Every structure is written in C-alpha cells, then in structure tokens.
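Participant: Below is a structure I'd like to ask you about.
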Amino acid sequence: MRKLLPLIGTPSGSHPGGRSAMTCRFRCGDACFHEVPNTSDNEYVGDVIAGALSRRTMMRAAAVVTVAAAAGSGAALPAAAAPQATSRKPAGEKSAARGLRYSSVAPNTADAVTVPDGYRQNVVIRWGEPILRGAPAFDPEKQTAAAQAGQFGYNNDFLALLPIPGECRRQLLVANHEYTDEVLMFRGYDAANPTREQVEIAWAAHGLGAVVVEEDRRTGALTAVPRHHLNRRVTATTEFRLTGPAAGSALLRTSADPTGRKVLGTLNNCSGGTTPWGTTLHGEENFNQYFANSSRATDKRYGIGTGATERKWERFDKRFDVAQEPNEVHRFGYVVEFDPYDPASTPRKHTALGRFKHEAATVRLTEDGRPVVYSGDDERFDYFYKFVGTKRMKKGSSRAVREHNLSLLDEGTLYVAKLTGDSPALEIDGTGKLPADGEFDGSGEWIPLATATAKGAVSHVEGMTAEEVFVFTRLAGDKVGATKMDRPEDIQPSPVTGKVYVALTNNTNRGVGTNAKADEANPRNANKHGHILELTERWNRPESKTFAWSLFLVAGDPDDPATYFAGFPKDDVSPISCPDNVAFDPYGNLWISTDGSQLGSHDGLFGVATRGPRRGELKQFLTVPKGAETCGPIIQDRRVLVAVQHPGEIDGASVEKPASTWPDGPGKIVRPAVVAVWRADGDDIGV
Numbered sequence: 005m006r007k008l009l010p011l012i013g014t015p016s017g018s019h020p021g022g023r024s025a026m027t028c029r030f031r032c033g034d035a036c037f038h039e040v041p042n043t044s045d046n047e048y049v050g051d052v053i054a055g056a057l058s059r060r061t062m063m064r065a066a067a068v069v070t071v072a073a074a075a076g077s078g079a080a081l082p083a084a085a086a087p088q089a090t091s092r093k094p095a096g097e098k099s100a101a102r103g104l105r106y107s108s109v110a111p112n113t114a115d116a117v118t119v120p121d122g123y124r125q126n127v128v129i130r131w132g133e134p135i136l137r138g139a140p141a142f143d144p145e146k147q148t149a150a151a152q153a154g155q156f157g158y159n160n161d162f163l164a165l166l167p168i169p170g171e172c173r174r175q176l177l178v179a180n181h182e183y184t185d186e187v188l189m190f191r192g193y194d195a196a197n198p199t200r201e202q203v204e205i206a207w208a209a210h211g212l213g214a215v216v217v218e219e220d221r222r223t224g225a226l227t228a229v230p231r232h233h234l235n236r237r238v239t240a241t242t243e244f245r246l247t248g249p250a251a252g253s254a255l256l257r258t259s260a261d262p263t264g265r266k267v268l269g270t271l272n273n274c275s276g277g278t279t280p281w282g283t284t285l286h287g288e289e290n291f292n293q294y295f296a297n298s299s300r301a302t303d304k305r306y307g308i309g310t311g312a313t314e315r316k317w318e319r320f321d322k323r324f325d326v327a328q329e330p331n332e333v334h335r336f337g338y339v340v341e342f343d344p345y346d347p348a349s350t351p352r353k354h355t356a357l358g359r360f361k362h363e364a365a366t367v368r369l370t371e372d373g374r375p376v377v378y379s380g381d382d383e384r385f386d387y388f389y390k391f392v393g394t395k396r397m398k399k400g401s402s403r404a405v406r407e408h409n410l411s412l413l414d415e416g417t418l419y420v421a422k423l424t425g426d427s428p429a430l431e432i433d434g435t436g437k438l439p440a441d442g443e444f445d446g447s448g449e450w451i452p453l454a455t456a457t458a459k460g461a462v463s464h465v466e467g468m469t470a471e472e473v474f475v476f477t478r479l480a481g482d483k484v485g486a487t488k489m490d491r492p493e494d495i496q497p498s499p500v501t502g503k504v505y506v507a508l509t510n511n512t513n514r515g516v517g518t519n520a521k522a523d524e525a526n527p528r529n530a531n532k533h534g535h536i537l538e539l540t541e542r543w544n545r546p547e548s549k550t551f552a553w554s555l556f557l558v559a560g561d562p563d564d565p566a567t568y569f570a571g572f573p574k575d576d577v578s579p580i581s582c583p584d585n586v587a588f589d590p591y592g593n594l595w596i597s598t599d600g601s602q603l604g605s606h607d608g609l610f611g612v613a614t615r616g617p618r619r620g621e622l623k624q625f626l627t628v629p630k631g632a633e634t635c636g637p638i639i640q641d642r643r644v645l646v647a648v649q650h651p652g653e654i655d656g657a658s659v660e661k662p663a664s665t666w667p668d669g670p671g672k673i674v675r676p677a678v679v680a681v682w683r684a685d686g687d688d689i690g691v
C-alpha cells in the first residue's frame, strides 16, 4: 500500500500548491495571494453546459472531431466500472509499459535526488560553475556580477539537449535561469536594503545558459565542458530584438529605446521548447513581479503591483519603475527564441505569440511545414493559446535558411482555447466525481485573436487593435470568452500520436467565494492537486480550429475518489500532485515533473503510459531534495535529465541557516543544479 507522508514545512493551505512562502515571494511575487487578475465576466464552461444540448445531440455535432480522438487511446471506463471499482495487484517491472519498466520510487522526504534501484546519477552542472573563458571558480563569499555573467545561472528550469555535429559524445545543454532567491545566495542579505552589487549579480544570474556537456565512457556521467566556443550566457542586461507585429509600436517605445525594437534582458523564463529548425524557445512567465509602482488597469490584469517590488530593482534602474518608464513592462511576457549554435546572435522576442505569463512554447509542424506553437498562461483562471504560422520552414543550414526560419514565428494567427463539456452541469458537482458517461470530456474551438502578415496585422477582437491584442493578450482572451483554466502550464504534443497534453497545476481558488466554480474541464473546487488535459485536434492536424478533449489524469492520492488515471486501476499507480513540466520518451510515454506536491512527499518525476492496455499507468521515477521543484525533464534513450530548482527554499531558511545540504553536503551553500540519471548497466531507460 502507498504510505503518504505528513506535510513538512509550511502547513497545507497557508500557501497554495504546497509552496513555501519564500518560493511565493521570489518566484512569482506572491501571485496566489493577490487578487485574481482575471475579473472578466466571460461565461464559464459550467454556464455553457447548463444550456447545452443532450449528450447524444452534442456527440452528433462533434462527430468529426471525435473520430480523431479515438485513435491511439484506450477506452475510458464506463460509469459502472469506475477506476476505484477495479482491483489489481501492483505489477512487476516487466509487465509495465515499455519505457516504464523500473521500480517505482516511494514517496519520501529525503534531502537527496532519489532514483530507482539499478540507476545511477550525477550532478551535471551547478549554479556558479564557470562556463565562459575568464570566469573564475565559484566562491559564495566573493560573488561579483562580472563573475556571475560568465558562470552558470541560478534556478535552472527548462532544459534542452542538442546535437553538436562532429563532436562525438558531446551535446549542447541549454537551460533557463528563471529567478533568483537572494536570501539563499547572499550571506547576511537585507531584503529591505539590497546593495547594487547584489542586484547586479541577480541580473547576471537570470536569463539563459548554453554549455557543452560530455559523456564519460566509463561511468555514464555527464559533465560540463567549460570554455567551449558554443558556451554562452544571456542575462537580464543582454540585448534582445523585438520582432513581429507589435515591434516598433508606440506601446513598446521607451526613453532608452525610442524605436520600440530593442530591449535589455529576459526575465523569469520558465518552460520552453525546441524547434525543428535548431533553436530553442523560452517563455517569460512571472515578469510582473520585477516592476513597481503601477496604477493602470492593464497592468493590474497582469498582476503588476502598485508599490515596491521584493527585490527593489527599481532603486537601481528606472526601467523597473512603471511610474517612470510606463512601457518597459510591455516588453516582457513574450516567447524568446535563442540560436544556441551562433554565440554572436541576438535573441528575439516574438510579439506574434502574444504577451502573457508564458509557460512553455512547444512546436509541431503542419504537413506543409508551417509551425504551430502551443503555450499556457500560468495564472489561476487564465487561458491556453496556439499560434499557427503562415510561412513554411526551409531545410538546410546556410545563413539564408537560418535567417528565414528565425522569422517563422513573426507571421500567422494567434488563437485562444474555448472548451465545452458534454455532460449536464448538475453532474459536475465540484468533488471530482465522474459524470454518468464515465469521463470528463467534450469539444473545443480555437478562437482567433489576431493575424500578422508581412504587410501588417489584423485584429479579430472587437474594440482592440492588432497591436493591442499582441501586447494585452489577456484582455483579448477575456473579450472573446476563452475558458478559464486551473493554471495552464507546460503543453506537449505527442510525437507518436499527435495528441496534445496540457498540464494544469492547481487552483485552490476554484469555487471559493465568488470565483468560478468547477466545470467539466476543471472538475474540482479548491483544486490543490491539478490535472492533465488530453486534446485531439480535428483530423489530428495541428492547424485545425476545433478539437476534442478529455481529462487524462486527475491528480492526487489514488485512494481519493476524486482522482482518475485514464481508467487505469488506481491501486497500481503512484500518488502525484501538482503536474508542471511534461515531456515524452521515445515510446510515447508522458513524463511529468511536479511543483508543490500537496501529498507530503517531495516533488518528483513520473512516467505514465498514454496508449495501449496500460494507458494511465503512472510510476514515480525520482524525487528531489527538500524545498526543491522538479523542472525541465529530458527523456532520452539512455539518460534522463532534470533541473533541480530552488533546493532548500523553505520558510526561514538562509545562507546562515540552510534547510538543505544538497548537492555538496554540510558546510556548503545550497545550489540549484542539473542532474543526469542513467541505468547502471548502460541499457535503455525503462526497458
């Protein structure tokens, strides 16, 4: 039987999603304690359901959509055979789905990365390790901004591993450096009075990092190669190019940049994606927390505060003070494109993909080679989006081809999702109980917001110009009645089936007070564990304007009747809470990393079968140390990588009083890091 552990650190309920107060302060600016930014009155899914047709009529109307939904899926359990009613003894490793044949890691609170029996691990690279020529070795007592600019940044999140032509056993690791936690970085840190040097170190610790890594033939370990010519750091002061339909707009011009086409830095990069043309995408998420002294309604919709910020950056650079530089904040909240093969290239911010708290930016191509990008807006009651490009990708590696492909995300149409359930509203009671048809499912449509072309842009939202749609995308979603979701985070299309999976981390405000109540797409009030949506585009074509959807997984303790694992027997799965980043392995299994587990165990990484007779079988692969979040999973044939973010981020912790001793043991400063895991016998993962 599963044994759940008592909650550690901050008591459940005091900080939504199980996060510590420190995490809420430094990562998202206490977003969960502020007023919900989305106060729009667009109708909720539950309201739509109440006036909907019968299930039979709706199924006829959506028949074209649901044909594609049946492909590659196991059938859901009927109401009479709900998951709790079926009993099965835990399966052995050999009977699990291919790719998931490892011994499940038990829930735990060890201050370590815990991996399955027969697997080994190593720390690939830590915060502060030098990667550029001339950068010094890390010394926590002698940090400088100049040193940090040449060292691996703080709080690694999204990871990508790219091939390096001609260099055997080497790959190029690209990482996001989401945010800094100054209390855990600087001895004696005074939050009310940070020094300029501390602020400039934090600027240098944000952004992106590229570093070559090499496999040790004897041990299987993966280690960084310092001073390689492809190694690079991008920080909060690196020059970026604004591209697409809003570039040059009056809304993006500042005193430092009257052109509205250049911006310094990227902030709070969370998850991202890789492109078929060899670049990486990075989503600027909780950018709002860096900007002070706002008084505008448009800023309030983005959660930008009226007073000072936590880090007090506005004291050292007026661009972080909205009262002095009102348009600077409009230059953050985009998808960043980074060319890791050209260390001299200028990264781009693509305005055509909209401005919101981007979590992820994952790409698939249409049959004729046009890019489609999925992205979630990580906020309670906000939306998820799709961009469909109009230009086709070119093959090749010439400079002209690469420049063409770097412009693919500047022309196309931006859409937002609206979901409709197919069960009567009375059957969605907020407890997570399955409706009579045995699953939470329905149909949906992509509502166009604006289209960008080489000749200009056109708005599809009444009362908003195209520039306003791309800069104030949340407001455009409000106007067209998009579906309010429970924190849409990472979104990944399956490379095997084409189905799209949306991680919805949690929403403890669902159904609380005057907030939106449960609906079929978000079926639990006070949803503290989250769920995963499975979406099938019409005809399985990514450019389609309609889709079918169902809830693939409703997270929590499997003993809780409100949980659901795609119909798989619940006595044969691992407990999971707060899904965040997702990735696929070569066999089509979905791997899920968690953030803020509410089950008493540390966060971890889980694999789950998405098709075949074991669809819904979920197994825990690893757990991370105390206070940490599991990020950036990469699942290769013979190696798994995770970013261990903010270890030791527990209320009351500091450099002087650490809550964790990971990764280097007692007496050493706690450091975010990237970890590699592989089988001791060198064979493929999970086979």
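Per our numbering, the very first residue in the sequence shown carries number 5; after that it's consecutive. Glycine residues also receive a C-beta, built at the ideal position from the N, C-alpha and C atoms. Predicted model, so just to flag it, every value in this text is computed and none were measured.
#1: According to the neighbour-count rule (16 or more other Cβ atoms, all chains shown, within 10 Å of its Cβ), is Cys274 buried or exposed?
#2: Can you tell which of Arg130, Gly138, Tyr193 and Ser44 has the C-alpha that lies nearest to the C-alpha of Ala657?
#3: Any idea what DSSP makes of Val333, helix, strand or coil?
#4: With a threshold of 8 Å, are at least 3 pairs of Cβ atoms found where one atom belongs to the segment 545-552 and the other to the segment 525-533?
#5: Restricting to runs no shorter than 3 residues, where is the beta strand (DSSP E) found entirely within the segment 166-192?
#6: Would you mind working out which of Gly671, Asp688 and Phe556 sits nearest Glu702, comparing C-alpha positions?
#7: Classify Val506 as helix, strand or coil using the three-state DSSP reduction.
#8: Which ranges does the alpha helix (DSSP H) cover as unbroken runs of at least 4 residues, wholly within the segment 382-413, from first to last along the chain?
#9: Taking all protein chains shown into account, decide if Cys635 is buried (16 or more other Cβ within 10 angstroms of its Cβ) or exposed.
#10: If Thr270 sits next to Phe244, beta carbons under 8 Å apart, how far is it from one beta carbon to the other, in whole angstroms?
#11: Please go through the same chain and pick out, in chain order, the residues whose beta-carbon is closer than 7 Å to the beta-carbon of Lys316, but skip the five residues on each side of it.
#12: Does the distance from the C-beta atom of Tyr306 to that of Arg478 stay below 8 Å?
#13: Enumerate in chain order the residues of its own chain whose CB-to-CB distance from Ala129 is below 6 Å, with the five nearest sequence positions on each side excluded.
#14: Based on Cα-Cα distance, which residue from Glu318, Gln496 and Lys503 lies nearest to Ala196?
#15: Per the contact definition of three or more C-beta pairs closer than 8 Å, is the segment 511-519 in contact with the segment 395-404?
#16: With DSSP run on the structure shown, which of helix, strand or coil describes Asp220?
#17: Determine the closest residue to Asn526 out of Ala25, Thr424, Asp563 and Ala254, with distance taken between C-alpha atoms.
#18: List the DSSP bridge partners of Phe342.
#19: Which of the three DSSP states, helix, strand or coil, is assigned to Glu740?
#20: For the beta strand (DSSP E) that Arg368 lies in, which residues bound it at each end?
#21: Have a look at Val500, Gly652, Val681 and Ala684 and flag the residue whose alpha-carbon is nearest the alpha-carbon of Ile673.
#22: According to DSSP, which residues form a beta bridge with Leu479?
#23: Between the segment 483-491 and the segment 369-379, can you find at least three pairs of beta-carbon atoms closer than 8 Å?
#24: For Gly213, is the classification buried or exposed, using 16 other Cβ atoms within 10 angstroms of its Cβ as the cut-off for buried?
#25: Pick out whichever of His650, Ser664, Trp595 and Arg619 has its Cα sitting closest to the Cα of Gln640.
#26: Using a threshold of 8 Å, state whether the C-beta atoms of Asp584 and Ala632 are closer than that.
#27: Under 8 Å, do Ser108 and Asp121 count as touching if we go by C-beta distance?
#28: Tell me whether His233 is buried or exposed, calling it buried when 16 or more other Cβ atoms sit within 10 Å of its Cβ.
#29: So, helix, strand or coil for Trp317, using DSSP?
#30: Between which residues of its own chain and Asp372 is the CB-CB distance below 7 Å, once the five residues before and five after are set aside?
#31: Could you tell me whether the segment 446-454 touches the segment 429-437, using the rule of 3 or more Cβ pairs below 8 Å?
#32: For Lys623, which beta-bridge partners are listed by DSSP?
#33: What does the alpha-carbon distance come out to for the pair Thr223 and Gly264?
#34: In whole angstroms, what separates the C-alpha of Asp687 from that of Arg368?
#35: Can you tell me which of Pro452, Asp575, Phe190 and Glu493 puts its alpha carbon nearest to the alpha carbon of Arg675?
#36: Taking 8 Å as the limit between beta carbons, can you name the residues of its chain near Gly517, skipping five residues before and five after?
Facilitator: With the structure as the only source:
#1: buried
#2: Tyr193
#3: helix
#4: no
#5: 174-181
#6: Here the chain comprises residues numbered 5 to 691, so residue 702 is not present and cannot be evaluated.
#7: strand
#8: 403-409
#9: buried
#10: 6 Å
#11: Pro198
#12: yes
#13: Going by the sequence as given, residue 129 is Ile instead of Ala. For Ile129, where only same-chain residues beyond five positions count, the Cβ hits under 6 Å are Phe156, Ala228 and Val678.
#14: Glu318
#15: no
#16: coil
#17: Thr424
#18: Thr284
#19: As displayed, the chain neither begins before 5 nor continues past 691, which places residue 740 out of reach and without an answer.
#20: His362 to Leu369
#21: Gly652
#22: Note: Leu479 sits in no beta bridge, so no partner.
#23: no
#24: buried
#25: Trp595
#26: no
#27: no
#28: exposed
#29: helix
#30: Arg396
#31: no
#32: Gly611
#33: 51 Å
#34: 29 Å
#35: Phe190
#36: none
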